[in-house]
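Remarks on the structure that follows.
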Amino acid sequence: MIARLSQFRLKGLVFLAIVVFALPLFISNPFHYGLATQIALIAGAVVGLNLLVGFAGQISLGHAGFFGLGAYFSAIMTSNYGWSAIPALFVGAVGVAIIAWVVGRPILRLKGHYLSMATLAVGFIIAIILNNERELTGGPDGMPVPSFDVFGWELSVFGQYSLFGMEISGDLAWYLFAGMVLLVAVWLAQNLIDSPIGRALRSVHGSEVAASVVGVNTAKYKSLVFVISAVYASVMGALYGHFHGFITPSVASFDFSILLITMVVLGGMGSTIGVIIGAVVLELLPQLLADFQEMEMVLFGLILMLTMIFMPKGLLPTAANLLAKRRSKSAGGDA
Amino acid sequence: MFSEFLQYLFTGITIGATYALIALGFTLIYNASHVINFAQGEFLMIGGMATVSLTAMGVPMLLAIVLAVVLAGVLGVALQRLAIAPAKNADVVTLIIITIGASIFIRGLAQLVWGKEYHVMPNFSSEEPIQIFGAVLNTQSLWVLGVGAVLVAVLVYFFTRTLTGKAILATSMNKDAARLVGIRTQVVLMLAFMVSALLGSIAGIVVAPITFTSYDIGIILGLKGFVAAAIGGLGSGMGAVVGGLALGVVEAMAAGYLSSDYKDAVAFSMILVVLFFMPRGLFGAKIVERV
């Protein structure tokens, strides 16, 4: 069964890789590339959040705080202090890891709604600081972010690059880069899930008391996965900032935290591919609903509510269940 | 010096009383169904907005208030019947997302009907503020405090003296046992949502002349109510009142003496400190987890 499971996981990664690299065949305009890049980066953060929510069964309503911290750290270091983007990204991630560890140890003792409240508070405090430290962050107006550079080589949406002898535009280059980052993020997450750490986390999800009785250091594993998911958010936030070239405190806002966790729940908690689908759906939905203008908010709320009421397990698990049922029916099997 | 302190105290207690009412609404629903209702703030918004628009249409103030409260009550029942009840076996996070979806939906509707502008509601009585030891007290603050006190008294009476109130309490303690003694728990859940919506809308109406009102005030007010409920300890009525008042006063003091930019940060730091020392809030019940 374990073998089948990991085989399924590998299939997921291959499937994702095919989708990521086939997409450029179907789209060509810069706006669509930009949207796809943004979705890939946010999906990366959601994959990290899913480790915490879907596997360890903990709630975070403040994850955008870590996304924002990563974005702002990289932005401030590269634009004000002349750092290169890669070291800024790594040092930012380490900093966020330390903050998440310090904050996580005490608040992960909390359960259920108290944990939601505490993570929400942490996210809010970060957003308020980013909003108010105008000299450093530009305040609510935001700040420009230099383009992403690797050892003097710059990745910009306005650039022109050649890859394997092909001329490609900056938009496409950014998209391919973000797609690869997402694949690496998924690969790392799947390895973690199949490791002893992943099993310990799932035992915490099942029953924390039972897990600690059989000798799992639940506090340690919960903090660890909190830190890992915060680092995912920080890295994706940093890349997001470089990609957009401009960030505002909205990247750390409560609304964005809610959006991130909604992507996890809507797509299907605990399913890596599922939560990516959640990210795609929730990023595309506002684009589709934009035509309805005034009705946009009503429809968005309605769709969110109805989906969660009728598919409480999320889109992918529900679809998979339906398929499995149909298959067993058509085989005439008695399940 | 003293007048300054008194001024902040008045502001804090007024807004704190509002938070307490919102927190009580959270507590009611949490007790009956263990759902944290992120749409709680929308009941306040509906109360304020409906009253303003009805009076603008020429409906007498008192009738407008009654209609607004009824509207919120209907909305509360609808929320329970149409969104919460069908998803009864869903995860905690899923239920949170459902109530968030509901709050976005309600906010969207309000924006369609009433637009995006801020609306002003006149004070219930005199616009002339009262002077006490050099501090200024808005007459509407007295309304907020008075109505808050009356509502708390009514709730205490309702839960300790009436059969319906006791049925809600019984359901919150043990749903299966309540059903066994003949309590219709589905009706009780509906009632809890309705009472919570009534509370929220009344709070929204009395505070509207002070804070103004618009389609999106529900978000932050709802969150503050959640903070207050968590400080007091989820599920404790006493905790909700104390938590609300404490939050309001601390916020007003922080705005006055520290920095108004950081007053919300102080509120959210407060919840972290409280939960650090008391993981179930000030008055939260100790819950034993069964394996």
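So the protein lines, in turn, are chains A and P.
With numbering that gives the first Met the number 0, the residue at position 263 of the first sequence is 262, and numbering never jumps.
With numbering that gives the first Met the number 0, the residue at position 101 of the second sequence is 100, and numbering never jumps.
All C-beta atoms, glycine included, are put in the ideal place defined by N, C-alpha and C.
Around the C-beta of F37/P, 16 or more other C-beta atoms lie within 10 Å, and the residue is accordingly described as buried. Between V263/A and N49/A a beta carbon distance of about 5 angstroms is seen, short of the 8 angstroms cut, so the two are scored as contacting. For the C-beta of I45/P, not a single chain A residue is nearer than 7 angstroms; the gap to the nearest is close to 15 angstroms.
Under the three-state reduction of DSSP output, D148/A falls in the strand class. In the structure shown, Y113/A falls within a helical segment according to DSSP collapsed to helix, strand and coil. In the three-state scheme derived from DSSP, where H, G and I count as helix and E and B as strand, T212/P is classed as strand. For S268/P, there is no enclosing beta strand (DSSP E); the residue is found in the alpha helix (DSSP H) stretching over 262 to 276. By the Cβ-count criterion, K10/A is exposed, with fewer than 16 other Cβ atoms from all chains shown falling within 10 Å of its own Cβ.
Following the DSSP letters along the chain, one finds I196/A inside the alpha helix (DSSP H) bounded by residues 195 to 205. Around the C-beta of V212/A, fewer than 16 other C-beta atoms lie within 10 Å, and the residue is accordingly described as exposed. Here the alpha carbon of F276/P sits roughly 42 angstroms from the alpha carbon of A177/A. For Q110/P, the nearest CB of chain A lies under 8 angstroms from its own CB, placing it at the interface with that chain. Per the coordinates, the alpha-carbon of V13/A lies some 31 angstroms from the alpha-carbon of G244/A. Here H118/P carries a strand assignment [DSSP, helix/strand/coil]. Listed along chain A is no residue with a C-beta nearer than 8 angstroms to that of A253/P; the closest approach is about 12 angstroms.
Contact with chain A is found for A86/P, since one of that chain's Cβ atoms lies less than 8 angstroms from the residue's Cβ.
The Cβ of I58/A sits closer than 8 angstroms to at least one Cβ of chain P.
Taking C-beta atoms as the reference points, L94/P and A86/P count as a pair closer than 8 angstroms.
Between T261/A and L288/A, the C-beta gap is not smaller than 8 angstroms, which leaves the two residues out of contact.
For R183/P and L81/P, the gap between their C-alpha atoms comes out near 18 angstroms. Listed as beta-bridge partners of L119/A by DSSP are no residues whatsoever. Assignment of beta-bridge partners to P143/A by DSSP yields F245/A.
If you check each beta-carbon in the region 282 to 311 of chain A against every beta-carbon of chain P, the ones closer than 9 angstroms belong to E293, M294, E295, M296, V297, L298, F299, G300, L301, I302, L303, M304, L305, T306, M307, I308, F309, P311.
Between the alpha carbons of S52/P and Q292/A lies a gap of roughly 23 angstroms. Taking 8 angstroms as the cut-off, the beta carbon of I21/P is found closer than this to the beta carbon of K223/P. The alpha carbon of M48/P has as its nearest neighbour, out of V65/P, A266/P, L27/P, the alpha carbon of V65/P.
In this structure the region 69 to 78 of chain A touches the region 90 to 110 of chain A; the number of beta carbon pairs closer than 8 angstroms is three or more.
Contact note: G107/P reaches chain A through E293, M294, E295, M296, V297, L298, F299, G300, L301, using a C-beta cutoff of 9 angstroms and chain order.
Counting C-beta atoms within 10 angstroms of its own C-beta, A21/A has fewer than 16 neighbours from the protein chains shown and is therefore classed as exposed. Under DSSP, the beta-bridge partners assigned to A134/P are I131/P.
Between V226/A and T217/A, the CB-CB gap reaches or exceeds 8 angstroms. Taken through DSSP and simplified to helix, strand or coil, Y220/A comes out as helix.
Under the three-state reduction of DSSP output, M56/P falls in the coil class, being neither helix nor strand.
If one requires a minimum length of 3 residues, no beta strand (DSSP E) run lies completely within the region 268 to 301 of chain A.
For I14/P, the uninterrupted alpha helix (DSSP H) segment begins and ends at 1 to 32.
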